[in-house]
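3 is the number of the first residue of the sequence shown in this note's numbering; add one for each residue after it. Where a beta carbon is used, it is the ideal one built from N, C-alpha and C, also for glycine. Note that the structure is predicted; figures quoted are calculated from it, not measured. To start, the structure itself, in structure tokens.
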Amino acid sequence: RMAAAPPSYCFVAFPPCSKDGLVVFGKNSARPRDEVQEVVYFAAAEHEPGSKVECTYIEIEQALKTHAVVLSRPSWLWGAEMGANEHGVCVANEAVLTREPASESEALLGMDLVRLGLERGATAKEALDVIVALLEEHGQGGNYYEDGSSCHTFQSAFLIVDRNEAWILETSGKYWAAEKITEGVKCICNQLSLTTKIDAEHPELRNYVKSQGWWNGDSDFNFSEVFSLADDHLACCSGRESLEKQGGDVSAQAMIDVLRDKDSGVCVDSESFLTTASIVSVLPQDPSFPCIHYFTGTPDPSRSIFKPFIFVDDVKLVPKVQSPSFGNDDPAKKIPRFQEKPDRRHELYKAHEWARSLLENNQDKGQKLMRIMLDLEKQGLEAMEDILSRAEILDPAEVVDLFYDCVDTELKFFK
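What follows is the structure, given as structure tokens:
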């Protein structure tokens, strides 16, 4: 029996469910408990024709131009669990199991495809096209975890969002289907969710499933029914109800509250898995306003704070949420892989471990610290709301240090 896919949750809310012309995106990344996620920024770049890019396991052709991206990623790999680019595109992925075993051969990881979609797509649809073209060309496969003792492989689902629309893309091997969303609330988690509403698909998809004997061509084509292992493709989304209850008021704060909810199962804290990082993005439908992306950079959103990032030129880098780099000595890059596990904790992660032990061992002090932290977060959220309600255009100089300063302030509180 294959190990269960980690129960991550991704959400998107469109008007009329979300506040005043905002698209709100969120994801909790559930991963092995001790895995460190870092938050990294890569500037836009131009590349020589014919140059290559080294992804987690394989090298592929580099694009001529890559967009600026900010990513939350397990620090041993090249790709990302979730992130955004300078054009207001957000992508998150989910590991899923389908009736086809995922390949152990090293190819592109679903997480590599998240980053590739963001670097190469200026709209959600472009990112989708990039992901499926690369899937066709290189396939998906390889170990999802930094684990030398066994290979954990999954197929991928993606939530791809921009200011105007979202696409849910679900894959099995190189075959895929996608649904376009422009209103309401949508949630995806670690199982297939597409049914009969399919807006784009692999040209050979239906022929392939017929040839496998999984669909006879007479009934409606239902992607989840055809590809799911069992009847586990029904109701996955406990968080969706909470967002729908907001009644047209889904904001960054409402999304954060849903991601923090342990009772609903959206915030995972189990024996094997933990929410190791979270993101919330607010994408105004009016392009004259900036998109705002909030990252925790630390595990367990109920004990972390969401810190805002806005794309501007020369945005200040934040080494304190970046893991140490081991270059070519990294056990993730040597064959056989993962023979040892280096200490990948970054400064904010270490400070957080201290705060967590305080919360666990000294209730009063811990709760006082948490109140101060949440107050700090609230100030950030209010400052961002102010930016989105102004008539004048944002001055880039005002936010060039934004994420840096928030991380710095958080660290000072922990000291």
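Just curious, the beta strand (DSSP E) that G175 is in, first and last residue? Premise fails: G175 is in no beta strand (DSSP E) and is neither H nor E.
Buried or exposed (CB count within 10 angstroms, at least 16 for buried), R373 = exposed
I need the boundaries of the alpha helix (DSSP H) containing G119, first residue and last residue. For G119, the enclosing alpha helix (DSSP H) stretches over residues G112 to R122.
Host beta strand (DSSP E) of N1 (start-end) | For residue 1 there is no data in the structure shown, the boundaries of the chain being 3 and 417.
| By Cβ distance below 6 Å, which residues in the same chain neighbour L24 in space, the five residues on each side in sequence not counted? | V284 and P286
Where Q369 and H354 are concerned, what is the direct C-alpha to C-alpha distance, given to the nearest angstrom?
14 Å
Worksheet item: By a C-beta neighbour count over all protein chains shown, 10 Å radius and 16 as the cutoff for buried, is I337 buried or exposed?
Response: exposed
* To do: Can you have a look at T184 and say buried or exposed, based on whether 16 or more other CB atoms are within 10 angstroms of its CB?
  => exposed
Handout entry: Bridge-paired residues (DSSP) for H295
Key = In the DSSP output, where bridge partners are listed per residue, H295 has S283 and F311.
(Q) I'd like to check one pair, H140 with A109: are the Cβ atoms closer than 8 Å? (A) yes
- Query: What number of angstroms, rounded off, separates the C-alpha of K21 from the C-alpha of L376?
  - Reply: 22 Å
Between which two residues does the alpha helix (DSSP H) harbouring C153 extend?
Segment: none, C153 is in no alpha helix (DSSP H) and carries neither H nor E.
- Taking DSSP as the reference, what is the three-state secondary structure of E61? E61 falls in the strand class under three-state DSSP.
Q.
Using the three-state DSSP reduction, which class does N145 fall into: helix, strand or coil?
A. coil
TODO: Measure from the alpha carbon of T58 to the alpha carbon of each residue in V402, F223, H348 and P333, then state which is nearest.
DONE: P333
Coil, strand or helix - C408 by DSSP = helix
### Message
Rounded to the nearest angstrom, what separates T198 and K29 at their Cα positions?
### Response
25 Å
Q. Closest to G329 by CA distance: which of R35, S77 and V41 is it?
A. When R35, S77 and V41 are compared, the shortest CA-CA separation from G329 is found for S77.
Query - Beta-carbon proximity check, E83 vs S31, cutoff 8 Å - result: yes
| said: Among the candidates V26, S10 and S226, whose CA atom is the shortest distance from the CA of V163? | reply: V26
Is D271 helix, strand or coil by DSSP? strand
Item to complete: Could you say if the segment 88–105 and the segment 162–178 meet the contact criterion of at least three C-beta pairs nearer than 8 Å?
Response: Under the Cβ criterion (8 Å, minimum of three pairs), the segment 88–105 counts as touching the segment 162–178.
message = At the level of alpha carbons, what is the spacing between Y406 and K182?
response = 35 Å
* **alpha helix (DSSP H) segment containing R242, residue limits** => S240 to K247
Q. In three-state DSSP terms, what is L231?
A. The answer is coil: DSSP assigns L231 none of H, G, I, E or B.
**OP:** Compare the Cα-Cα distances from S158 to each of E384, S10, V38 and P17 and report the closest residue.
**Re:** S10
Would you call the CB atoms of C189 and R242 closer than 8 Å? yes
Continuous alpha helix (DSSP H) stretch holding V38: start and end: Here V38 belongs to no alpha helix (DSSP H), and DSSP marks it neither H nor E.
* Classification of R165 by the beta-carbon crowding that lies within 10 angstroms, buried from 16 upward -> buried
Three-state secondary structure (DSSP) of Q363: Here residue 363 is Asn; the residue named in the question, Gln, does not match the sequence. Looking at N363 - three-state DSSP - the assignment turns out to be helix.
- prompt: Is it true that the CB of Q64 sits closer than 8 Å to the CB of H49?
  reply: yes
Next item on the list: Determine the contact status of S274 and R35, defining contact as a CB-CB distance below 8 Å.
Entry: yes
A168 - partner residues in DSSP beta bridges:
V163 and I183
Short of 7 Å in beta carbon distance, which residues of its chain neighbour F229, apart from the five on each side in sequence? Order them along the chain.
Answer for F229: T100, R101, S174 and L194, listed in chain order.
Verify whether the separation of the beta carbon atoms of M113 and N87 is less than 8 Å. no
- Query: Using the C-alpha atoms, what's the distance from D331 back to F16?
  - Reply: 45 Å
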